[in-house]
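Undergrad: Here's a structure for you.
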Ligand code: BYC
């Protein structure tokens, strides 16, 4: 329940940084793509809440844990989206990291979770490509200012993206049990390394630099070495003190409260229908 619901919360909170740019997308095509992506994320959250509910926890309990700050969601969504280039970089790096982390979960031991992940990963793959495509357009056809905007977004999102994989393996309290249960199949550090190895090559094609002077190919390890991750920043953000934590949570709580009348109306309708059916049956 912990892992699936945190994943669901991440999808739902993950709609907010990008939703912020729907009204400001530069073209109709980019607006339509962004709206579809944000809707997909809402859908992912709903499949995952449904998967968590199969373990006996109600939707109300899951949402209450999010709204009271008891449940976590991905640290990455507590950073602000300052420019349009951030939307491309989120697709490339954030969705890219999500795919790396989530593809192994398609074969995890809990079938309702694994089944939800199959569709989610297909859609995430489209999300990653649309982000990379929009950055390629800006880097290949854009003005110097637009190229600088892409580089600035990469500088801000790189370190938070590699933090998405969680703490180092020797400081990951849940890994041992989750591996034993088969709901986590590959370790945090292994996935982080895989993501970095794939992304360095993509950055070269794009023509941006990744903001880590220690990023170097290690012939012996056959992997890229990378610099020290700021784990204080990570824990600070995970524990509610990142740049946008308060705003993100407040927005979700407000949306939930504003939607109370819809839930009440649906329940009233269901009650009326049930009464009608009972009358007809009598
Ligand atoms: N942010 O023992 P550990 C997405 C917490 S992508 C916040 O290693 P675990 C999306 C962790 O929960 C993101 N908290 O934990 C992408 C634990 O706290 P609790 C969501 C984090 O579970 C694009 C503590 O730190 N993906 O949805 O073995 C667009 C110790 O960590 C983070 C998933 O959820 C973090 N980055 O491993 C839209 C995938 N990292 O619970 C949406 C499924 C760690 O003990 N989840 N923590 O209080 C997983 O694979 C694993 O839960 C993690 C963490 C790798 C994230």
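In our numbering, the protein residues as written are 361 to 642.
We treat Cβ as the ideally placed atom computed from N, Cα and C, and that holds for glycine.
All of these numbers come straight from a predicted model, not from anything done at the bench.
For the alpha helix (DSSP H) that contains residue 519, what are its first and last residues?
TA: Run containing residue 519: 504 to 523, per the alpha helix (DSSP H) assignment.
Undergrad: Let's test the definition: count the other Cβ atoms within 10 Å of the Cβ of residue 597 and tell me whether it reaches 16, buried, or not, exposed.
TA: So residue 597 counts as buried.
Undergrad: Which residues in the same chain as residue 542 place their Cβ atom closer than 7 angstroms to its Cβ, once the five residues preceding and following it in sequence are excluded?
TA: Same-chain partners within the cutoff: 468 and 469.
Undergrad: Would you check if the distance between the CB atom of residue 457 and the CB atom of residue 521 is smaller than 8 angstroms?
TA: A contact, by the Cβ cut-off of 8 angstroms.
Undergrad: Please confirm if the segment 614 to 628 is in contact with the segment 436 to 454, defined as three or more CB-CB distances below 8 angstroms between the two stretches.
TA: Taking 8 angstroms as the limit for Cβ pairs, the verdict is that the segment 436 to 454 does not touch the segment 614 to 628.
Undergrad: Taking 7 angstroms as the cut-off, is the CB of residue 446 close to at least one heavy atom of the ligand BYC?
TA: No; taking the cut-off as 7 angstroms, the Cβ of residue 446 has no heavy atom of the ligand BYC nearer than that.
Undergrad: What residue ranges within the segment 586 to 625 form continuous beta strand (DSSP E) runs of no fewer than 3 residues, ordered along the chain?
TA: Counting whole runs of 3 or more residues, the segment 586 to 625 contains no beta strand (DSSP E) stretch at all.
Undergrad: Need the endpoints of the beta strand (DSSP E) that residue 381 sits in, please.
TA: Residue 381 -> no beta strand (DSSP E), and no H or E assigned at all.
Undergrad: Name the two residues that bound the continuous beta strand (DSSP E) containing residue 578.
TA: Unbroken beta strand (DSSP E) run through residue 578: 576 to 578.
Undergrad: Relative to the C-alpha of residue 380, which candidate in 607, 471 and 512 has its C-alpha closest?
TA: Residue 607 is the option with its Cα nearest to residue 380.
Undergrad: Measure the alpha-carbon distance for residue 395 versus residue 382 and round it to whole angstroms.
TA: The straight-line gap from Cα to Cα measures roughly 6 angstroms.
Undergrad: Which stretch, first to last residue, makes up the alpha helix (DSSP H) that contains residue 466?
TA: Per DSSP, residue 466 belongs to no alpha helix (DSSP H) and is neither H nor E.
Undergrad: At what residues does the alpha helix (DSSP H) containing residue 472 begin and finish?
TA: Where residue 472 is concerned, the enclosing alpha helix (DSSP H) stretches over 471 to 501.
Undergrad: Give the single residue among 369, 575 and 550 whose Cα lies nearest to the Cα of residue 434.
TA: It is 369.
Undergrad: What's the call for residue 418, buried or exposed, on a 16-neighbour Cβ count within 10 Å?
TA: By the neighbour-count rule (16 or more Cβ atoms within 10 Å), residue 418 is not buried but exposed.
Undergrad: Can you list, in chain order, the residues of its chain with a C-beta nearer than 8 angstroms to that of residue 384? Leave out the 5 residues immediately preceding and following it.
TA: Here the set comprises 444.
Undergrad: Going by C-alpha to C-alpha distance, which of 549, 537 and 577 sits closest to residue 523?
TA: Cα-wise, what sits closest to residue 523 is 549.
Undergrad: So does residue 549 have its beta carbon nearer than 7 angstroms to some heavy atom of the ligand BYC?
TA: Result no, Cβ not under 7 angstroms from the ligand BYC.
Undergrad: Tell me whether residue 428 is buried or exposed, calling it buried when 16 or more other Cβ atoms sit within 10 Å of its Cβ.
TA: Per the 10 Å Cβ criterion, exposed.
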